[in-house]
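Below is one structure; the comments refer to it alone.
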Amino acid sequence: MRLRIFPTVAEALHFGAGRMETIMRVAWLPVVGLLLVNMTTSFAHLSLAAGKLVTFGDLVPNLAALESYAAQAERINWAQRPQAAMIVAGAGLLAQIVLIASFMAPLIRFAGLGERPAPGVVRAPFGADQARLVLGFAASALAVGVLVLAPMHFTTTYTVEYVSTAFGRVFANFPDNDSLHTIELVQGRDLITAAGRQWVYLIGAPLLAAAPFFLVLWAVFAFHFRNAVGAHGAGGVFGLALLALALAGGLSGLAFFYIQALQSGRADALPVGFSVLFAVFAVLVYYVQLRIAAYPGIAVCRHSMAPAGTLSVTRGGDLFRLLIVFAFIGAALFAVQYIINQYALRWISSVVGATLSTTVAYSRLVSAGEEAAWIQPTFVTGWAVIRILVNIFWTFFSYGVIAGLLGRLYRLSEVSR
Numbered sequence: 001m002r003l004r005i006f007p008t009v010a011e012a013l014h015f016g017a018g019r020m021e022t023i024m025r026v027a028w029l030p031v032v033g034l035l036l037v038n039m040t041t042s043f044a045h046l047s048l049a050a051g052k053l054v055t056f057g058d059l060v061p062n063l064a065a066l067e068s069y070a071a072q073a074e075r076i077n078w079a080q081r082p083q084a085a086m087i088v089a090g091a092g093l094l095a096q097i098v099l100i101a102s103f104m105a106p107l108i109r110f111a112g113l114g115e116r117p118a119p120g121v122v123r124a125p126f127g128a129d130q131a132r133l134v135l136g137f138a139a140s141a142l143a144v145g146v147l148v149l150a151p152m153h154f155t156t157t158y159t160v161e162y163v164s165t166a167f168g169r170v171f172a173n174f175p176d177n178d179s180l181h182t183i184e185l186v187q188g189r190d191l192i193t194a195a196g197r198q199w200v201y202l203i204g205a206p207l208l209a210a211a212p213f214f215l216v217l218w219a220v221f222a223f224h225f226r227n228a229v230g231a232h233g234a235g236g237v238f239g240l241a242l243l244a245l246a247l248a249g250g251l252s253g254l255a256f257f258y259i260q261a262l263q264s265g266r267a268d269a270l271p272v273g274f275s276v277l278f279a280v281f282a283v284l285v286y287y288v289q290l291r292i293a294a295y296p297g298i299a300v301c302r303h304s305m306a307p308a309g310t311l312s313v314t315r316g317g318d319l320f321r322l323l324i325v326f327a328f329i330g331a332a333l334f335a336v337q338y339i340i341n342q343y344a345l346r347w348i349s350s351v352v353g354a355t356l357s358t359t360v361a362y363s364r365l366v367s368a369g370e371e372a373a374w375i376q377p378t379f380v381t382g383w384a385v386i387r388i389l390v391n392i393f394w395t396f397f398s399y400g401v402i403a404g405l406l407g408r409l410y411r412l413s414e415v416s417r
């Protein structure tokens, strides 16, 4: 079954907006927990950097600058005490993962299977479904690292290192064949240059180092396009093989020129070459992420970590359709966030400001020109609460959209496999 772009986007957005009541019931407690975890992590970094316990009382009346202070403290901690900073960051990340999984797992099953979350308002469960969701996302990240980044990084790094070491070895050279007493020490690359065989160093070594790129890319493209052979018939096999070969050759050729610039020490070519090399890595990483994007939802809805059906969701042209789906959903989420911050909150701010002015004027009128002391703190606190609630609703909607998308991808995997 083909992945249809607009129905998929519409279902994800509709689930986030149309199931808001259920999302709020399931997610409000974990989301509040996320806010507390973020605040606790900020104060932990501040305390670590200051060398003492920092509390709310230490930041009043500058509590609004907590995020800025915490970011500065975090940079200091990573520079001066990285192990402690790693513990704080790791503990915060673990708590966030547990809290997110507690409400995302039942929402994904609701979107994929129509199974309503368990009743109750005060809930933040962590069971088998939540563990599968965490392991599903971890497996996706591990696949990117193990299948793409690690082999290419280590192979290329060590190949360049070994070749450079070999060409940099010092040899004894006898420039005068009639005298063994005339000896000069030269490097291997200098001997190759003197013999007129510069291509060994400038072409052969970078070609050898770029070979892993070609092999990995060719394997990836060949594996992907083989799914389209059935649709194109036997006559299309040769064309698809050439397409995979051309794509792999083109991208690995870009890597070759970067490695060549690195070997030859051309500083002017290195920035461009590095950007090209990074682009090659990015293409591969995002390709793998798209291919396994459905896996966390499949693991949760199927009550199993078996990956069967995962790759069928992005088979052939469906890979590019899913990319377009992500682009549309990202654009929609950005548009909603922009409207909230640029229009809704500004309108609410103007209403709050007008109400504050009216309240102050009335207070002075009935109190012989004296403004009541409670007005300013009350309105400032109320405005902060409004902004927090708006952002919490935004969080509900965003996670609901993600759950709706993963549920849709699960159903596609069941039909396509």
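Quick note, the sequence shown lines up with residues 1 to 417 if you use my numbering.
Every residue gets a Cβ at the ideal spot worked out from N, C-alpha and C, and that includes glycine.
Quiz prompt | Residue environment, His45, which counts as buried when at least 16 other CB atoms sit within 10 Å | solution = Translated into the one-based positions of the sequence shown, residue 45 becomes position 45. Its Cβ being crowded by 16 or more others within 10 Å, His45 is buried.
Self-check item: Cβ neighbours of Leu405 in the same chain (closer than 6 Å, five flanking residues each side left out)
Solution: Residue 405 sits at position 405 when you count from the first residue of the sequence shown. Answer for Leu405: Ala12, listed in chain order.
Practice problem: Quick one: give me the first and last residue of the alpha helix (DSSP H) that Trp28 is part of. | Solution: Your numbering for residue 28 matches position 28 in the sequence shown. Unbroken alpha helix (DSSP H) run through Trp28: 20-50.
Exercise. Using 10 angstroms around the beta-carbon of Gln83, count the other beta-carbons present and answer buried if the total reaches 16, otherwise exposed.
Key: The residue you call residue 83 lines up with position 83 of the sequence shown. In summary, Gln83 is exposed, with fewer than 16 beta-carbon neighbours lying within 10 Å of its beta-carbon over all protein chains present.
Quiz prompt | Distance CB(Gly400)-CB(Arg19) smaller than 8 Å | solution = As a position in the sequence shown, residue 400 is number 400, starting the count at 1. As a position in the sequence shown, residue 19 is number 19, starting the count at 1. For Gly400 and Arg19, yes; Cβs fall inside 8 Å.
Exercise. Tell me where the alpha helix (DSSP H) around Gly330 begins and ends.
Key: By one-based count along the sequence shown, residue 330 stands at place 330. Gly330 -> alpha helix (DSSP H) spans 318-339.
Quiz prompt | Proximity of Gly309 and Glu414 at Cβ, strictly below 8 Å | solution = For the purposes of this step, residue 309 is taken as the residue at position 309 of the sequence shown. For the purposes of this step, residue 414 is taken as the residue at position 414 of the sequence shown. Closer than 8 Å, so yes.
Quiz item: Do Ser102 and Ala73 come within 8 Å of each other at the CB atom, strictly closer than that value?
Solution: Residue numbering aside, residue 73 sits at position 73 when the sequence shown is read from its first letter. Residue numbering aside, residue 102 sits at position 102 when the sequence shown is read from its first letter. Their beta carbons are not under 8 Å apart, which means Ala73 does not touch Ser102 by this criterion.
Self-check item: Length at least 4, wholly inside the region 342-397: the alpha helix (DSSP H) runs in chain order
Solution: 345-366
Quiz prompt | Distance between Trp383 and Arg411 (C-alpha atoms, nearest Å) | solution = Translated into positions along the sequence shown, residue 411 becomes position 411. Translated into positions along the sequence shown, residue 383 becomes position 383. Going by the C-alpha atoms only, they are around 43 Å apart.
Quiz prompt | Nearest-angstrom beta carbon gap, Leu107 and Ala403 [assumed within contact, 8 Å] | solution = Position 403 of the sequence shown, counted from the first residue, corresponds to residue 403. Position 107 of the sequence shown, counted from the first residue, corresponds to residue 107. 4 Å between Cβ atoms; contact.
Exercise. Just the C-alpha distance for Thr155 and Gly317, rounded to the nearest angstrom, thanks.
Key: Mapped onto the sequence shown, residue 155 falls at position 155. Mapped onto the sequence shown, residue 317 falls at position 317. At Thr155 the pLDDT is 48, less than 50, meaning the model places this residue with poor confidence; the figure from the coordinates comes in the next sentence. Rounded to whole angstroms, Thr155 to Gly317 spans 31 Å at the Cα level.
Quiz item: Under 8 Å, do Val26 and Leu99 count as touching if we go by C-beta distance?
Solution: Taking the first residue of the sequence shown as position 1, residue 26 is located at position 26. Taking the first residue of the sequence shown as position 1, residue 99 is located at position 99. Taking 8 Å as the cut-off, the Cβ atoms of Val26 and Leu99 do not count as close.
Self-check item: Distance, Gly112 Cα to Arg302 Cα
Solution: For the purposes of this step, residue 302 is taken as residue 302 along the sequence shown, with counting starting at 1. For the purposes of this step, residue 112 is taken as residue 112 along the sequence shown, with counting starting at 1. Distance between the alpha carbons of Arg302 and Gly112 is about 10 Å.
Quiz item: Okay, do the region 281-294 and the region 213-223 touch, 3+ Cβ pairs below 8 Å being the bar?
Solution: yes
Quiz prompt | Selected residue, minimal CA-CA separation from Val300, among Gly16, Arg4, Gly120, Arg408 | solution = Residue mapping note: residue 300 aligns to position 300 of the sequence shown, counting from 1. Taking only the C-alpha atoms, the option nearest Val300 is Arg408.
Practice problem: Within 10 angstroms of the Cβ of Val9, are there 16 or more other Cβ atoms? Answer buried if so, exposed if not. | Solution: To locate residue 9, count along the sequence shown from 1; it is residue 9. Val9 is buried by the Cβ-count criterion.
Quiz item: Grouping DSSP H, G and I as helix and E and B as strand, with all else coil, what is Pro7?
Solution: Here residue 7 refers to the residue found at position 7 of the sequence shown. Helix.
Quiz item: Do the CB positions of Phe397 and Met24 come within less than 8 Å of each other?
Solution: In the sequence shown, residue 397 corresponds to position 397, counting from 1. In the sequence shown, residue 24 corresponds to position 24, counting from 1. The answer is no: Cβ separation not under 8 Å.
Quiz item: Met104: which of Ala89, Gln96, Gln130 sits nearest, CA to CA?
Solution: As a working note, residue 104 is residue 104 in the sequence shown. Closest option to Met104, Cα to Cα, is Gln130.
Practice problem: Identify, in the order they occur along the chain, each residue of the same chain with its Cβ nearer than 7 Å to the Cβ of Ile348, setting aside the five sequence neighbours on each side. | Solution: Reading the sequence shown from its first residue, position 348 is the one you call residue 348. Taken in chain order, the residues that qualify are Ile386.
Quiz item: Can you list, in chain order, the residues of its chain whose CB lies under 6 Å from that of Phe328, leaving out five sequence neighbours each side?
Solution: Here residue 328 refers to the residue found at position 328 of the sequence shown. Excluding sequence neighbours, Phe328 sits near Val9.
Practice problem: Using only alpha-carbon positions, find the residue among Ser357, Val336, Ile76, Leu322 that is nearest to Arg4. | Solution: Here residue 4 refers to the residue found at position 4 of the sequence shown. Per the Cα distances, Leu322.
Quiz prompt | Run of the alpha helix (DSSP H) containing Gly127, from where it starts to where it stops | solution = Counting from one through the sequence shown, the residue named residue 127 turns up at place 127. From DSSP, Gly127 is part of no alpha helix (DSSP H); its letter is neither H nor E.
Self-check item: Euclidean distance between Cα positions of Thr41 and Ser47
Solution: Your numbering for residue 41 matches position 41 in the sequence shown. Your numbering for residue 47 matches position 47 in the sequence shown. So the alpha carbons of these two residues sit roughly 10 Å apart.
Quiz prompt | Which of helix, strand or coil DSSP assigns to Met104 | solution = Walking along the sequence shown from the start, residue 104 turns up at place 104. If DSSP states are grouped into helix, strand and coil, Met104 belongs with the helices.
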